[in-house]
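With full-length UniProt numbering as the guide, the letters of the sequence shown map in order to residues 1 to 200.
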Amino acid sequence: MSQQLSIDIITIPAKEGRSFTLQQDQYIKIIDIAGQQVSDFVAYNAHNHKERLDPTVTMDVLRSININLHDKIYSNLYTPMFTLIEDKVGKHDFLNSSCRPEMYAFLYQKPDHASCYHNLNNALSQHGISPPDQHHAFNIFMNTVVDEKGLIQVKAPLSKAGDYITLKAEMDVIVAISACPCEESDCNGYLCTPIQVEIH
Numbered sequence: 001m002s003q004q005l006s007i008d009i010i011t012i013p014a015k016e017g018r019s020f021t022l023q024q025d026q027y028i029k030i031i032d033i034a035g036q037q038v039s040d041f042v043a044y045n046a047h048n049h050k051e052r053l054d055p056t057v058t059m060d061v062l063r064s065i066n067i068n069l070h071d072k073i074y075s076n077l078y079t080p081m082f083t084l085i086e087d088k089v090g091k092h093d094f095l096n097s098s099c100r101p102e103m104y105a106f107l108y109q110k111p112d113h114a115s116c117y118h119n120l121n122n123a124l125s126q127h128g129i130s131p132p133d134q135h136h137a138f139n140i141f142m143n144t145v146v147d148e149k150g151l152i153q154v155k156a157p158l159s160k161a162g163d164y165i166t167l168k169a170e171m172d173v174i175v176a177i178s179a180c181p182c183e184e185s186d187c188n189g190y191l192c193t194p195i196q197v198e199i200h
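1. If distances are taken between C-alpha atoms only, which option among K15, I28, Q24, V175 comes closest to D8?
2. Assuming Q36 contacts A156 under a Cβ cut-off of 8 Å, what Cβ separation, rounded to an integer in Å, is found between them?
3. Whole angstroms is fine: what's the gap from C182's alpha carbon to A169's?
4. Should N66 go down as buried or exposed, given a rule of 16 or more other Cβ atoms within 10 Å for buried?
5. Check the DSSP bridge columns for T21 and list the partner residues they point to.
6. Among I140, H113, K50, Q109, which residue has its Cα nearest to the Cα of Y78?
7. Mind reading off the beta-carbon distance from residue 261 to Q26? Whole number of angstroms is fine, and I expect it under 8 Å.
8. Taking the CB atoms as reference points, tell me whether S39 and I140 lie closer together than 9 Å.
9. Taking just the CA atoms, how far does S98 sit from D60?
10. DSSP state of A114, grouped into three classes?
11. Going along the chain, which residues of its own chain have a beta-carbon closer than 6 Å to the beta-carbon of I174, five neighbours each way excluded?
12. According to DSSP, simplified to helix, strand and coil, what is residue 208?
13. Does Y27 come within less than 9 Å of chain C when only Cβ atoms are used?
14. Which class does D8 belong to by DSSP, given the choice of helix, strand or coil?
15. Measuring only the C-alpha atoms, how far is I177 from N188?
16. To which residues of the same chain is K72 closer than 6 Å at the C-beta, ignoring the five residues directly before and after it?
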């Protein structure tokens, strides 16, 4: 990886989203600039928008709620979309759907709060992708803990400033990432910060 030249660098401001295209065999590096910032990551086949990244299929194939180096992330059609090449954190989430206005209204009485749902929709609209009923993302840096009784807690991310993961695209894809705007819980350590993306 160190010998590959960066061809694009994007900073996603705190609480916002961005989208970009990757060709097969390109690498995308997601960097937590300040630490403890979740990044909701979704992707679509660039040539067939009905095929999308699917956390449930990925867990089915991996037989795990966790992802390790060299594991693949799969589409709803059970096709590999990405391979995990580098990971400085080792703790991410496939379980939680993206935050949305209804969640903020229900949990925090803030129906007009920014959300990953709207961030991702806005970013993907540039590529002609219509909003789904819900985004089921690969939640990079999100620290979801399931205890022995099956109880689920979202705790502060383990990522420190400058930590990152790198994914290799296994097909041509459209990617959208939201720097999660939730500052009402430990999800982002009660503080939302930017995310940096490098495409190699």
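Where is the CB? At the ideal position from N, CA and C, for every residue including glycine. Since we're looking at a predicted model, the values are computed, not measured.
Well, looking at it:
1. I28
2. 6 Å
3. Cα to Cα, the separation comes out at about 28 Å.
4. With fewer than 16 other Cβ atoms within 10 Å, it is exposed.
5. I174
6. K50
7. Outside the displayed span of the chain (1 to 200) sits residue 261, for which this structure offers no information.
8. yes
9. 20 Å
10. Looking at A114 - three-state DSSP - the assignment turns out to be coil, as it is neither helix nor strand.
11. T21, Y44, A46, H127
12. There is simply no residue 208 to check, as the chain begins at 1 and stops at 200 in what is shown.
13. Looking for chain C here will not work: only one protein chain is present.
14. strand
15. 15 Å
16. P80, T83
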